[in-house]
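Scroll down for the structure; my scribbles are underneath it.
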Amino acid sequence: MAERRGECSWKRHISEQLKVRDRVQRQAFEEIVLQYNRLLEKSDLQTVLSERYQTDKYDVQRGHEASSGTDGRSDVLQQEMSQMRIKHQEELTELHKKRGELAQNVIELNNQIQQKDKEIQSNEAKMVEYQQQITTLEGDCRELRSCLQDLERANQTLKDEYDALQITFSALEEKLRKTTDDNQELVSRWMAEKAQEANKLNAENEKDTRRRQAKLQKELADAAKEPLPIEPDDDIEVLAEDVGKGAGETSPKRPLSRTPSKRTSQPPPGGLLDSISNIFGRRPTNSFSSSPEHPEAPSGVCAEVRVPSTALHVFEAHDGEVNAVRFSPGSRLLATGGMDRKVKLWEVVAGRCEPKGALTGSNAGITSIEFDSAGSYLLAASNDFASRIWTVEDYRLRHTLTGHSGKVLSARFLLDNARIVSGSYDRTLKLWDLRSKVCMKTVFAGSSCNDIVCTEQCVMSGHFDKKVRFWDIRAESIVQELELFGRVTSLDLNHDRTELLTCSRDDLVKIIDLRTNAVRQTFSAPGFKCGADWTRVTFSPDGSYVAGGSADGALYIWSVVTGKVDRTLDRNHNSAINSVSWSPSGAFVASVEKGSRAILWSDM
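Note that numbering that gives the first Met the number 0 has the sequence shown beginning at 0, numbered continuously upward.
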């Protein structure tokens, strides 16, 4: 209906415009047409008069010829006729002139009419086009109105949902706050109970120690009273307290006694180690590493630590970034691991690292390497979600431990060398039994694990969430947590396992006293900057120095005694140092970088 009404309206408009144009143009031309008709009538009348005058002329001529007596009169008539003829000729000329002007006006007006008709046709075409555009725009407008209504309804729905979610969020936030408060209360109660249990355990340990000491002293006193024959071949030392009680003097060159000497160790002060004394065990004397088939024996504490000052050997270790470096327990071999998926072994000879072999089998870059206590096996973690163990002597791959769902960033042998612990980007720690080649336990840590150190029954892990966690392997539970000010990148224990060295992304290196469970010392330097989440630092073998690499390629040596930088070596690395290792003999320090370079340092 709207379209038909629109079509009738524009037709009616065109009809009215044509009528107006007809009235205007007819009024302008009515006078001209009337004059033109009059001229035509005059022209016809002139033609009739000319014919009549011509007839009269012939009649006059015949009459003149008939009556010669009337010459004078005929001359007068002839003159009158000539004047009338001239007059009529002039009128006729004037009429022809006006007729030509009118004809020219008619032509011009016809041209104007044609031009106006063309303009009317053009305007009509434009009107049709504009009408189509109007129709299209009306349709678009209707569609936009419909879309606007849909959007308004959707917006209202979303607003209602947002209000509902806001109410739910407020309720959950309140619930979270209450849960957090309850959790804090439970943690406080748990810590208090743990402290009580630790105090009880310490008291029991002290009682047991005193009881054993009393029993031992009684046995020694009883044994000293019994006379026994002493053979000349006996080579037994005499205890200091038994010298005065013996039945006679002994030779200063050959002190004698009936019992071998026994050493008793005094337990450390109360703290974390006392509360979990049987978690931090001493190294077993009958471990797997004491087997005679292992060629390299551990060196123990070195006699003297040399603070490095000179780069003895600078060499290209891998094709690409080098992530890990470690000396063997005997300081004879150096192992490096890189992004080229290889672990390379180097023999340290006369201050140089000579290539010895390569351990292959990994499908991704190496992140961490570790020798067992005898130096016969090498453990490496890699980015292909697995850890692998090789024999050092024949470079054979012995075990591949898979089960993590993320990059394995660290793996370590336990002290019995029959189990290992691995920490991964998937926020779990796994305990593996090398005898059965299976995962014994999996512990969810809550954050990506960057490094691990182990004792007999305790694992210490450094995490992305800035925390150091202490795990009891037997109970699969956290014994303690310490929060630092940056993401933890490295952990290392001193030889006595009483101090823990940490490095974090806040560019601080700290020593944590495990007996008091507190930060004992903090090291920093104006130019020192931790370059990655896997930057490793290390203790010297005697625990008197700390070595760490910076993002600018400088190697920093701190003195534990003074707490200050003892030496800075910054002329040989071209990129950030990823890892540092101090040889157990104390003579060498090795460092590797994000480039392909490794450097052997010493004071020679």
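Backbone N, C-alpha and C define an ideal beta-carbon position, used for all residues, glycine too.
Helix, strand or coil at residue i [DSSP, three-state]
| i | result |
| --- | --- |
| Trp581 | strand |
| Lys56 | helix |
| Gln456 | coil |
| Ala410 | strand |
| Asn285 | A caution first: Asn285 carries a pLDDT of 38, below 50, which makes its placement in the model too unreliable to give a value. |
| Gly99 | helix |
| Asp505 | coil |
| Cys7 | helix |
| His572 | coil |
| Tyr35 | helix |
| Asn110 | helix |
| Ser49 | helix |
| Asn493 | coil |
| Leu433 | coil |
| Val391 | coil |
| His639 | No information on residue 639 is available, as it lies outside the stretch 0 to 603 that the chain covers here. |
| Ile419 | strand |
| Asn516 | coil |
| Phe28 | helix |
| Arg566 | strand |
| Arg325 | strand |
| Asn362 | coil |
| Asp541 | coil |
| Lys244 | Bear in mind that the predicted position of Lys244 carries a pLDDT of just 36, short of 50, making it too unreliable to give a figure here. |
| Ser187 | helix |
Limits of the beta strand (DSSP E) - the one that residue i falls within
| i | result |
| --- | --- |
| Gly356 | Arg351 to Leu358 |
| Ala380 | Tyr376 to Ser381 |
| Tyr555 | Leu554 to Ser558 |
| Ser463 | Here the sequence assigns Phe to residue 463, which means Ser is not the residue at that position. Phe463 -> no beta strand (DSSP E), and no H or E assigned at all. |
| Glu369 | Ile365 to Phe370 |
| Gly548 | Tyr544 to Gly548 |
| Ser343 | It is worth fixing the name first, because residue 343 is Lys in this sequence and not Ser. First-last of the beta strand (DSSP E) with Lys343: Val342 to Val348. |
| Gly530 | Counting along the chain, Gly530 falls outside any beta strand (DSSP E), and DSSP gives it neither H nor E. |
| Gly402 | Where Gly402 is concerned, there is no enclosing beta strand (DSSP E), given that its DSSP letter is neither H nor E. |
| Arg334 | In the sequence as presented, Arg is not what sits at residue 334; that position holds Ala. Note, Ala334: beta strand (DSSP E), Leu332 to Gly337. |
| Val591 | Val588 to Glu592 |
| Ile477 | Ser476 to Glu482 |
| Ala597 | Arg596 to Ser601 |
Buried/exposed call for residue i, threshold 16 Cβ in 10 Å
| i | result |
| --- | --- |
| Val591 | buried |
| Val452 | buried |
| Pro525 | exposed |
| Ser423 | buried |
| Arg305 | buried |
| Cys457 | buried |
| His12 | exposed |
| Glu15 | exposed |
| Leu17 | exposed |
| Asp180 | exposed |
| Arg325 | buried |
| Ser584 | buried |
| Glu142 | exposed |
For residue j and residue i, believed in contact at Cβ under 8 Å, the rounded distance
| i | j | result |
| --- | --- | --- |
| Thr390 | Tyr376 | 6 Å |
| Leu433 | His398 | 6 Å |
| Lys10 | Leu94 | That belief does not hold up - the Cβ atoms of Lys10 and Leu94 are roughly 46 Å apart, past 8 Å. |
| Asn322 | Gly364 | 6 Å |
| Ser580 | Asp318 | Not really, about 21 Å apart at Cβ, beyond 8 Å. |
| Val407 | Asp450 | With 8 Å as the limit, Val407 and Asp450 do not qualify as a contact, their Cβ atoms being about 12 Å apart. |
| Pro307 | Phe370 | Not really, about 21 Å apart at Cβ, beyond 8 Å. |
| Ile510 | Arg504 | Not a contact, Cβ separation roughly 18 Å. |
| Phe314 | Ala553 | Wrong, their Cβ atoms sit about 19 Å apart, outside the cutoff. |
| Leu499 | Met439 | With a Cβ gap of about 24 Å, Leu499 and Met439 do not count as contacting. |
Best match in the options for proximity to residue i [C-alpha to C-alpha]
| i | options | result |
| --- | --- | --- |
| Leu311 | Arg351, Val342 and Arg331 | Arg351 |
| Phe538 | Ala102, Val559, His398 and Leu344 | Val559 |
| Glu480 | Gly445, Lys406 and His494 | Gly445 |
| Gly547 | Thr567, Asp541 and Asp450 | Thr567 |
| Asp339 | Pro328, Thr366, Pro354 and Ser327 | Thr366 |
| Ser574 | Met603, Val588, Lys528 and Ser8 | Lys528 |
| Ile576 | Arg61, Ala589, Lys117 and Gln45 | Ala589 |
| Lys465 | Ser447, Leu48, Asp471 and Thr534 | Ser447 |
| Leu378 | Gln131, Phe168, Trp431 and Thr427 | Trp431 |
| Leu101 | Ser145, Leu38, Tyr52 and Glu160 | Leu38 |
| Ser8 | Met126, Gln53 and Glu90 | Met126 |
| Cys502 | Arg496, Ser409, Asp491 and Asp512 | Asp491 |
| Asn382 | Arg395, Leu396 and Leu400 | Leu400 |
Cβ-heavy atom distance, residue i to the ligand FAD, below 7 Å
| i | result |
| --- | --- |
| Val324 | With respect to the ligand FAD, the structure offers nothing, as it holds no ligand at all. |
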